[in-house]
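Sequential numbering from 244 applies to the sequence shown in this note's numbering. Beta carbons: idealized from backbone N, C-alpha and C, even for Gly. Everything numeric in this text was worked out from a predicted model, so none of it was measured.
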Amino acid sequence: MSLYAVSASDASSKGILNPTVAQMFARHPVYDNIFSRLSPASFARMSRTCRDVRDATIDFATRAYDINRRLAHYFSDPLAFRALMARTPLLISGSFALQFFERSFYPESDIDLYVYGQTDVLDIARWLEKEGYTFKPSLGQRATVDAQIKARHTEGIFEVYNGGLLVGDVFSFEKQLQAVRGMETRKVQVVLPSPTHRSPLQTILNFHSTCVMNVITYTAAYSLYPYATFELNSSLVMSKDTSDRTKKALEKYASRGFRMLDATLLSTIPKQDPTAFVADLQRRVADEHSWVIPLSTDGLPSKEGAASIAECSWRFKKRYYTGHQYIVDYLGIQSRRSYRPSAYDDGDCCCPTCCGDW
Numbered sequence: 244m245s246l247y248a249v250s251a252s253d254a255s256s257k258g259i260l261n262p263t264v265a266q267m268f269a270r271h272p273v274y275d276n277i278f279s280r281l282s283p284a285s286f287a288r289m290s291r292t293c294r295d296v297r298d299a300t301i302d303f304a305t306r307a308y309d310i311n312r313r314l315a316h317y318f319s320d321p322l323a324f325r326a327l328m329a330r331t332p333l334l335i336s337g338s339f340a341l342q343f344f345e346r347s348f349y350p351e352s353d354i355d356l357y358v359y360g361q362t363d364v365l366d367i368a369r370w371l372e373k374e375g376y377t378f379k380p381s382l383g384q385r386a387t388v389d390a391q392i393k394a395r396h397t398e399g400i401f402e403v404y405n406g407g408l409l410v411g412d413v414f415s416f417e418k419q420l421q422a423v424r425g426m427e428t429r430k431v432q433v434v435l436p437s438p439t440h441r442s443p444l445q446t447i448l449n450f451h452s453t454c455v456m457n458v459i460t461y462t463a464a465y466s467l468y469p470y471a472t473f474e475l476n477s478s479l480v481m482s483k484d485t486s487d488r489t490k491k492a493l494e495k496y497a498s499r500g501f502r503m504l505d506a507t508l509l510s511t512i513p514k515q516d517p518t519a520f521v522a523d524l525q526r527r528v529a530d531e532h533s534w535v536i537p538l539s540t541d542g543l544p545s546k547e548g549a550a551s552i553a554e555c556s557w558r559f560k561k562r563y564y565t566g567h568q569y570i571v572d573y574l575g576i577q578s579r580r581s582y583r584p585s586a587y588d589d590g591d592c593c594c595p596t597c598c599g600d601w
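See below:
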């Protein structure tokens, strides 16, 4: 299942006693309308009320968090794409991951794929070309992916900016599709981490703000700051970059309803918010502060060989200086297991509906 509710031992074993209410939670068109209006934490609390409601939440979550349906917007064969994810250390992040957790859809958004190295870029580029995508070089890039990879070696291209984020390189692909309203363009970006980062996850942890620190792997989806993002609709701005490109990225998420909080000004952050950003604590991707949605692997290869990020860790540190500034420093990323394909996700569930309220 895409998302597990609490076990029967954690919820009331009794069903709904009122026959009218019981009928509501026996018909998915009715309870779909109810659950779709709840925040994730409220949905978690609802799942704990009784056996009948718990069963309804399981059914709803299985359909609401269907990653294959989401990926079908970009790829004709979502299972084949996820098999590609199993073969390479490929992570999905950006707007796509945020929309998956929100159960929302931004028509203009693309899908961002974060890879480990240049060999992975070539493998993914070949797969995208077979899927009908065409490489669209940006200003200064070579005409083909192979030529751009070669130029990185011969000309010493190490880092570029992408939406205010310093990365190794960005390879953009597009495909034209016939849709109901005419021709539409699908966009895929393959992002190579900065050479100063040890993994794609470290690049994601350097995003401009916390609302986009969400990541999807072959076996699970992880939201690193779910309470702040989905309950408080708040995002702590981590980037110190004041360029127009970063301002534009922040304005985009502000227009989508997020309060963009300045991490350098303590007075701008409500008292209850600092705990939502879990400062001064060693974090782990699959810890109790994250929202983790295990994804169905039916029809996919075994887990062996898939990359793991569940044990990767980091810490944000707050420091108070004269003027009552609030600064969160990225201190690094550690792992008790190899990030490369020698290890794989264990599928442990750490989602709000099974691990309690945030």
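Where residue i falls: helix, strand or coil (DSSP)
{"i": "Lys-393", "result": "helix"}
{"i": "Glu-417", "result": "strand"}
{"i": "Tyr-470", "result": "helix"}
{"i": "Val-571", "result": "Caution is warranted here: a pLDDT of 46 is assigned to Val-571, below 50, making its placement in the model unreliable, and the coordinate value is therefore given only provisionally. If DSSP states are grouped into helix, strand and coil, Val-571 belongs with the strands."}
{"i": "Phe-343", "result": "helix"}
{"i": "Thr-387", "result": "coil"}
{"i": "Ser-452", "result": "strand"}
{"i": "Pro-262", "result": "helix"}
{"i": "Thr-462", "result": "coil"}
{"i": "Val-296", "result": "helix"}
{"i": "Ser-352", "result": "coil"}
{"i": "Thr-428", "result": "strand"}
{"i": "Val-273", "result": "helix"}
{"i": "Tyr-496", "result": "helix"}
{"i": "Asn-311", "result": "helix"}
{"i": "Phe-303", "result": "helix"}
{"i": "Ala-368", "result": "helix"}
{"i": "Gly-548", "result": "Bear in mind that the predicted position of Gly-548 carries a pLDDT of just 45, short of 50, making it unreliable; the figure below should be weighed with that in mind. Note: Gly-548 maps to coil in three-state DSSP."}
{"i": "Phe-559", "result": "strand"}
{"i": "Pro-537", "result": "strand"}
{"i": "Met-481", "result": "coil"}
{"i": "Ala-329", "result": "helix"}
Chain C contact for residue i (CB, 9 Å cutoff)
{"i": "Ile-310", "result": "No chain C is part of this structure, which consists of one protein chain only."}
Cα-Cα separation, residue i to residue j
{"i": "Asn-311", "j": "Pro-537", "result": "13 Å"}
{"i": "His-532", "j": "Arg-291", "result": "19 Å"}
{"i": "Phe-520", "j": "Leu-504", "result": "11 Å"}
{"i": "Cys-454", "j": "Ile-367", "result": "27 Å"}
{"i": "Phe-278", "j": "Thr-300", "result": "8 Å"}
{"i": "Leu-543", "j": "Val-535", "result": "20 Å"}
{"i": "Met-481", "j": "Asn-449", "result": "8 Å"}
{"i": "Ala-492", "j": "Gln-266", "result": "46 Å"}
{"i": "Trp-557", "j": "Lys-379", "result": "34 Å"}
{"i": "Arg-385", "j": "Arg-306", "result": "42 Å"}
{"i": "Arg-280", "j": "Leu-334", "result": "29 Å"}
{"i": "Phe-268", "j": "Tyr-470", "result": "27 Å"}
{"i": "Pro-321", "j": "Asn-261", "result": "42 Å"}
{"i": "Glu-345", "j": "Leu-314", "result": "15 Å"}
{"i": "Phe-324", "j": "Gln-421", "result": "21 Å"}
{"i": "Lys-393", "j": "Tyr-496", "result": "35 Å"}
{"i": "Val-458", "j": "Asp-302", "result": "24 Å"}
{"i": "Arg-212", "j": "Arg-502", "result": "Any answer about residue 212 is impossible in this case: the structure gives the chain only from 244 up to 601."}
{"i": "Ala-304", "j": "Asn-276", "result": "13 Å"}
{"i": "Arg-288", "j": "Ala-340", "result": "23 Å"}
{"i": "Thr-297", "j": "Ser-381", "result": "According to the sequence provided, residue 297 is Arg. The question's Thr does not apply to it. Near 49 Å, if we compare the C-alpha coordinates of Ser-381 and Arg-297."}
{"i": "Met-456", "j": "Phe-343", "result": "13 Å"}
{"i": "Arg-488", "j": "Ile-447", "result": "17 Å"}
Selected residue, minimal CA-CA separation from residue i, among the options
{"i": "Gly-360", "options": "Asp-412, Leu-543, Ala-315 and Ser-498", "result": "Asp-412"}
{"i": "Glu-427", "options": "Val-434, Gln-419 and Asp-530", "result": "Gln-419"}
{"i": "His-316", "options": "Pro-283, Met-328 and Ile-354", "result": "Ile-354"}
{"i": "Phe-473", "options": "Lys-373, Glu-372 and Gly-500", "result": "Gly-500"}
{"i": "Ser-545", "options": "Tyr-461, Ser-477 and Met-267", "result": "Tyr-461"}
{"i": "Met-328", "options": "Thr-305, Val-358 and Tyr-308", "result": "Val-358"}
{"i": "Ser-498", "options": "Tyr-349, Asp-487 and Ala-471", "result": "Tyr-349"}
{"i": "Ala-553", "options": "Arg-526, His-451, Asp-541 and Thr-540", "result": "Arg-526"}
{"i": "Pro-438", "options": "Lys-430, His-396 and Ile-459", "result": "His-396"}
{"i": "Asp-389", "options": "Leu-365, Tyr-376 and Thr-377", "result": "Leu-365"}
{"i": "Ser-336", "options": "Met-289, Phe-286 and Val-433", "result": "Val-433"}
{"i": "Ser-603", "options": "Val-410, Asn-276, Phe-559 and Tyr-376", "result": "No answer is possible for residue 603: it lies beyond the span of the chain, which begins at 244 and ends at 601."}
{"i": "Arg-429", "options": "Ala-287, Ser-352 and Ser-381", "result": "Ser-352"}
{"i": "Ala-326", "options": "Thr-540, Phe-559, Val-296 and Ala-287", "result": "Thr-540"}
{"i": "Ala-522", "options": "Ser-486, Lys-490, Phe-559 and Phe-339", "result": "Phe-559"}
{"i": "Ser-551", "options": "Tyr-376, Phe-416, Lys-490 and Leu-444", "result": "Leu-444"}
Beta-carbon separation (whole angstroms), residue i vs residue j, contact threshold 8 Å
{"i": "Tyr-468", "j": "Ala-529", "result": "Rounded, the Cβ-Cβ distance is 14 Å, inconsistent with contact."}
{"i": "Thr-387", "j": "Asp-363", "result": "Not really, about 17 Å apart at Cβ, beyond 8 Å."}
{"i": "Phe-414", "j": "Glu-374", "result": "Going by Cβ atoms, the distance from Phe-414 to Glu-374 rounds to 14 Å, so no, they are not a contact pair."}
{"i": "Ala-506", "j": "Leu-475", "result": "Going by Cβ atoms, the distance from Ala-506 to Leu-475 rounds to 15 Å, so no, they are not a contact pair."}
{"i": "Leu-356", "j": "Val-431", "result": "7 Å"}
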